[in-house]
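Heads up, the thing below is written out as structure tokens.
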Amino acid sequence: APADDDDPCPRGLLLGHVPDAIALLPDQLSRSGTRTLPRSYRGSMGAVNGSESITINAPLADVLAVIRNLPAQVDWFPGCLSSQVLSSDGEGLPTRARQVNDVKVAKDEYELDYQHSDAGMSWKLVAPSKAQKSASGSWALVSKGSGTEATLSLSIDPSIPLPGFLMKKTLGDTLKGATKGLKKYCES
1 APADDDDPCP
11 RGLLLGHVPD
21 AIALLPDQLS
31 RSGTRTLPRS
41 YRGSMGAVNG
51 SESITINAPL
61 ADVLAVIRNL
71 PAQVDWFPGC
81 LSSQVLSSDG
91 EGLPTRARQV
101 NDVKVAKDEY
111 ELDYQHSDAG
121 MSWKLVAPSK
131 AQKSASGSWA
141 LVSKGSGTEA
151 TLSLSIDPSI
161 PLPGFLMKKT
171 LGDTLKGATK
181 GLKKYCES
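Each residue of the sequence shown is one higher than the last, beginning at 1 in the numbering used here.
Following this line, the structure appears as structure tokens:
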């Protein structure tokens, strides 16, 4: 059948780019012989949100210095292939950076704007990217005795048509991987 003009899923999406959890039937073949996503999985599923906290055996100032060192994120943030600071404020804190991430279903390059506080930082996607329509996040740090509780919060509106359960799992894996990675990096 010909593609609908308002169909958000491009016809001819190859099976190799579809998550293993989605089974496609032979009647879902397009004219070209490639498979398409079932209609129930097409289009944006809306933003997914989540947060994860972890206690780190390091002072707040040390943890804050690690999260603000954007180029070093490749050493502890899952999927981060590169992070380049494009601009900084008068105190030398990053205000914009270009990141390249492998988000399991696609390699994505984008720019983020940052805001800083005494106990964390937040960011927002500058413009839509290959994999994201919008995104925002934050690290919030709280002193806990000689350690620090670090909470990562993320909100992502994907531009890749994926089922909601898969986006939630990917987000959960990212939150857990980043908090555990930060802890290991700060405590080593």
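A virtual CB, placed ideally from N, CA and C, is assigned to each residue, including glycine.
Using only alpha-carbon positions, find the residue among the options that is nearest to residue i.
i: glycine 145; options: Ala47, Ala61, Asn49, Ile67; result: Ala61
i: arginine 77; options: Glu187, Gly181, Cys186; result: The amino acid occupying residue 77 in the given sequence is phenylalanine; arginine does not appear at that position. Here the closest residue by C-alpha is Gly181.
i: threonine 179; options: Ala150, Ser129, Phe165; result: Ala150
i: glycine 46; options: Lys168, Ala97, Lys107, Ala119; result: Lys168
i: valine 241; options: Tyr114, Ser188, Leu171, Asp89; result: In the structure displayed, the chain extends from 1 to 188; residue 241 sits before or after that span and is not available.
i: valine 79; options: Cys186, Asp118, Arg96, Lys176; result: Note on residue identity: the sequence assigns glycine, not valine, to residue 79. Residue Lys176 is the option with its Cα nearest to glycine 79.
i: aspartate 118; options: Val105, Cys186, Leu166, Arg68; result: Arg68
i: tryptophan 139; options: Val48, Ala58, Leu64; result: Leu64
i: glycine 137; options: Leu171, Pro71, Phe165; result: Leu171
i: glycine 120; options: Val66, Tyr185, Ser82, Ala58; result: Val66
i: serine 87; options: Leu81, Val74, Leu70, Asp75; result: Leu70
i: leucine 162; options: Lys104, Val142, Gln99; result: Lys104
i: serine 191; options: Thr174, Ser143, Val142; result: Residue 191 falls outside the range modelled here, since the chain spans only 1 to 188, and no answer is possible.
i: valine 100; options: Val74, Leu93, Gly92; result: Val74
State the beta-bridge partners of residue i as determined by DSSP.
i: serine 134; result: Asp157
i: proline 94; result: Ser88
i: alanine 150; result: Ile54, Leu141
i: valine 100; result: Ser82, Glu109
i: glutamine 115; result: Ser122
Since residue i and residue j are thought to touch, with beta carbons under 8 Å apart, how far apart are those beta carbons, to the nearest angstrom?
i: serine 122; j: serine 51; result: Not really, about 13 Å apart at Cβ, beyond 8 Å.
i: serine 159; j: lysine 183; result: Contact doesn't hold; Cβ gap of about 31 Å is too wide.
i: alanine 135; j: alanine 106; result: Not confirmed; about 14 Å, so no contact.
i: aspartate 89; j: threonine 95; result: 5 Å
i: isoleucine 56; j: glutamate 187; result: 6 Å
i: glutamine 84; j: alanine 97; result: 6 Å
i: alanine 58; j: glycine 164; result: In fact, because the Cβ distance is near 36 Å, the residues do not count as touching under 8 Å.
Is the CB of residue i under 8 Å away from at least one CB in chain D?
i: valine 48; result: You won't find chain D in this structure, because it holds only one protein chain.
Could you check whether the stretch 124-143 touches the stretch 100-110, counting it as contact only if at least three pairs of C-beta atoms, one from each stretch, sit closer than 8 Å? Verdict: yes, contact present.
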